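Take a look at the structure set out below.
2 protein chains.
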Amino acid sequence: MSDVARLAGVSIKTVSRVVNDEPAVHPDTAERVVAAIEQLGFRRNLGARNLRRGSSTGTIGLIVEDVGNPFYSELNRAVERIATSFGRHVLTGSSEENSDRERELALEFCARRVDGVLVVPAGLQHGYLVPEMRAGTPVVFLDRPAGDIVADTVLVDNLGGTIEAVTHLVAHGHRRIAFVGDSPDIFTAAERLRGFREGCVRNGVSYDESLVVMRTPTPDSIGHVVSALLTGPDGATAVIAGNNRVAVNLLRALAHAAHRPAMVSFDDFELADLLDPPVTVVAHDVSALGHAAAELLFARIQGDQSAPRKVVLPVHLVARGSGEVAP
Amino acid sequence: MSDVARLAGVSIKTVSRVVNDEPAVHPDTAERVVAAIEQLGFRRNLGARNLRRGSSTGTIGLIVEDVGNPFYSELNRAVERIATSFGRHVLTGSSEENSDRERELALEFCARRVDGVLVVPAGLQHGYLVPEMRAGTPVVFLDRPAGDIVADTVLVDNLGGTIEAVTHLVAHGHRRIAFVGDSPDIFTAAERLRGFREGCVRNGVSYDESLVVMRTPTPDSIGHVVSALLTGPDGATAVIAGNNRVAVNLLRALAHAAHRPAMVSFDDFELADLLDPPVTVVAHDVSALGHAAAELLFARIQGDQSAPRKVVLPVHLVARGSGEVAP
DNA sequence: CGCCACTATGACAACGTTGTCTCCCCACGG
DNA sequence: CCGTGGGGAGACAACGTTGTCATAGTGGCG
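Residue numbers (this note's numbering), protein chains in the order written: chain U, 16 to 342; chain P, 16 to 342.
Right, here's the structure in full:
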């Protein structure tokens, strides 16, 4: 800036005035300044500007498990949409389901003075965020609750959705239902398992632990267990997939199986409707989840001091065929 | 920081020393400072720090069409991986295929002093980036080239891939092949159309303009044209989808059609292998695209001044069945 | 002619840090 | 007893901006 000022033969302050379109600059002077700016390729430093003006950085942080996972990328998009409408940009980070990385990202974002942070938590301990929150950085948890602190949270109805899935399968004649979920360390996975158990109880179906598998879904991990679940006299005639990753891997494992069980997936996913049979899912509006969380975050950013809120978004079963297969 | 200094009864500089783990601070003093920091919830301002030290902001910008599109989110993930390995964070933005928005995002990121920018360009004019690049912000274009400037670019072999798709279909007996692509304003769409034409020529198949549709893929836009392309005595017996969005919409439009044409999709997509028949695709490694572009960007950030590079990544046809359907 | 209002501009401080330099104190060696 | 050296700490400036205030010049009006 001082280079520009020197070249234009004005003070640094006048350059600032021109850059900020402030009035009270003589057109001729402004022209000289603009020319100097062009010539030197000057760009004002937004960081310094924000520092001096005490204004916000105009960014929010978003921490998810994996920005490449379609579920989270849809969330990311929804958050970005709201952020843009509030004139903010989004810093994203993937925690990789690792609580240390989550913490590192969150603290880093806070140090950068983001206006707020949205977290899909990987860990169960969030005490480290308390000082940041007290220092004025709002934090909203989404998809999963905070571990050991009270904070704004937006969830989906994991329990109700899984119960509904069980009920649907029972209504179509199934009594032996398997549940394949993600690692039980993940809140949503544990919660859906709880829903599964509750659903069995409510529908008068025996809950059989041997028909439950909870582990990180990979083609191998799912492939190995699926036949064990479905064969034998006590094998399951229907299976519930605990999330879209499980569902996809399960479908792949079943692709060449002789016997196709009935299936319901928690989480909708692209092309579920085009498979044969089309996959019945417990759908929830991922965009709505992102929207709700971001809206809540911006309310906090704008000074909403009310008590921490907990929002649970509804889910609904979309019957497409795979859940209606007879035992 | 001055509050902390006052509370601890030391100078502001000593606080700085403690915060930065500098030696030559008496343990007792350090302890007092740490206590004051705890009590006040002090967090150092990274922006001010970077300003003073003249160090980088530790961020790079990534501009894609839509962070929610699985293709771009996979790209995002790959870029994040490299960025993390270089200790950087990623600011993302969706241009929504709008060149004004792209420009706005890019200039905004530059003003924030990102260390570099990765752009999947929406527009064809990038002269606006020249001053930024001269000012020292490296820019790498990926998936599509810059419009009117010479710059680092990483592309995939759109031309070769589409030619291969045509060749594959011809080898399976097809002579009337339709091409459904995205809006011709998009580089990859135009390039793939060029490849389609070239493929027809090389394979001695007549290139028939009436079998080409180029438009933004939506369920409606695709649904309306598809039957026109495939019916009648001159209807196509095979169709090439210009990208994954087109493919998905096309599949949906064809789901209940009496007559299923052969099909090849440019871009692989999840579950393509589980459809009936499984979808033959021209696959390319999206992660590799992101990696290559990010690696190139960081080489520039670290001072590589060599001539702008243009990288074209290979594609390969994955025959799964849908392209092998007889006419 | 003197005063005022107004325009155009600049000097200076401050935002929150950190690098440089200086100062003080105490232990140690001669 | 004095000189030296090193550990511990602070004063000050600077990073790139912008807000505040001051100043110089100009034109109009009584």
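Note that beta-carbon positions come from the ideal geometry of N, C-alpha and C, so glycine has one too. These numbers come from a predicted model, not from an experiment.
- Using a C-beta cut-off of 8 Å, the stretch 221-239 of chain U makes no contact with the stretch 296-308 of chain U, since fewer than three inter-stretch Cβ pairs fall below that distance.
- The Cβ atoms of P:Thr177 and P:Ser198 do not sit closer than 7 Å to each other.
- Straight-line spacing of the CA atoms in U:Gly151 and P:Phe57 works out to 11 Å.
- For the stretch 142-158 of chain U, the beta-carbon criterion of a distance under 8 Å to any beta-carbon of chain P is satisfied by Pro146, Glu147, Arg149, Ala150.
- With contacts defined as CB atoms closer than 7 Å, U:Phe194 and U:Val227 qualify as a contacting pair.
- The Cβ atoms of P:His187 and P:Glu339 lie closer than 7 Å to each other.
- CA-CA distance, U:Asp288 to P:Asp283, rounds to 18 Å.
- Using a Cβ-Cβ cut-off of 7 Å, U:His104 counts as an interface residue toward chain P, since at least one Cβ of chain P sits closer than that to its own.
- Closer than 7 Å at the C-beta level to chain U, one finds these residues of the stretch 73-89 of chain P: Asp81, Val82, Gly83, Pro85, Ser88, Glu89.
- The DSSP-derived three-state label of P:Val19 is helix.
- Excluding its 5 nearest sequence neighbours in each direction, U:Met148 has C-beta neighbours in its own chain below 6 Å: Val154, listed in chain order.
- Legend: CB atoms of the stretch 244-278 of chain P lying less than 8 Å from CB atoms of chain U belong to residues Val263, Leu266, Arg267, Ala270.
- Using a Cβ distance threshold of 7 Å, U:Val40 and U:Gly76 do not count as a contacting pair.
- Looking at P:Pro42, P:Gln320, P:Glu53, the one whose alpha-carbon comes closest to that of U:Pro146 is P:Glu53.
- P:Arg67 is classed as exposed because its beta carbon has fewer than 16 other beta carbons within 10 Å across all chains shown.
- Judged by DSSP secondary structure, P:Ser114 falls within the alpha helix (DSSP H) whose first and last residues are 114-126.
- Beyond the five residues adjoining it in sequence on each side, U:Thr72 comes within less than 7 Å, by CB distance, of Asn65, Arg127, Arg128, Val129, Asp130 in the same chain, given in chain order.
- For the C-beta of P:Asn60, the chain U residues within less than 8 Å are, from N- to C-terminus, Leu66, Ala126, Arg128.
- Approximately 7 Å separates the beta-carbon atoms of P:Leu328 and P:Val169; this is inside 8 Å, confirming the contact.
- U:Lys325 is bridged by DSSP to U:Thr168.
- Residue pairing of P:Thr295 in beta bridges, as defined by DSSP: P:Val279.
- Within a 10 Å sphere around the beta-carbon of U:Glu37 sit fewer than 16 other beta-carbons, which makes this residue exposed.
- U:Ile237 places its beta carbon 7 Å or farther from that of U:Asn259.
- Of all residues in the stretch 280-291 of chain P, only Glu285, Leu286, Leu289, Leu290, Asp291 come within less than 7 Å of chain U when Cβ atoms are compared, listed by chain position.
- With a threshold of 7 Å between beta carbons, U:Glu37 makes no contact with chain P.
- Not one beta carbon of chain U lies nearer than 7 Å to the beta carbon of P:Gly336.
- Bridge pairing for P:Val254: P:Ala193, P:Met278 [DSSP].
- Contacts between P:Arg92 and chain U, judged by CB atoms closer than 8 Å, involve Asp81, Val82, Gly83, Ser109 in chain order.
- Here U:Val34 has Arg59 as same chain residues with Cβ atoms under 7 Å from its own Cβ, once five neighbours each way along the sequence are excluded.
- Under the Cβ criterion of 7 Å, U:Glu112 is not counted among the residues facing chain P.
- When DSSP reads this structure, P:Ile75 sits in a beta bridge with P:Val105.
- Between P:Glu95 and chain U, the shortest Cβ-Cβ separation is below 7 Å.
- By the neighbour-count criterion, in which a residue is buried when 16 or more other Cβ atoms sit within 10 angstroms of its Cβ, U:Ser110 is buried.
- Think of a sphere of 7 Å around the beta carbon of U:Gly56: the chain P residues whose beta carbon falls inside it are Pro146, Arg149, Ala150, in chain order.
- In the DSSP assignment, P:His183 falls within the unbroken alpha helix (DSSP H) covering 173-186.
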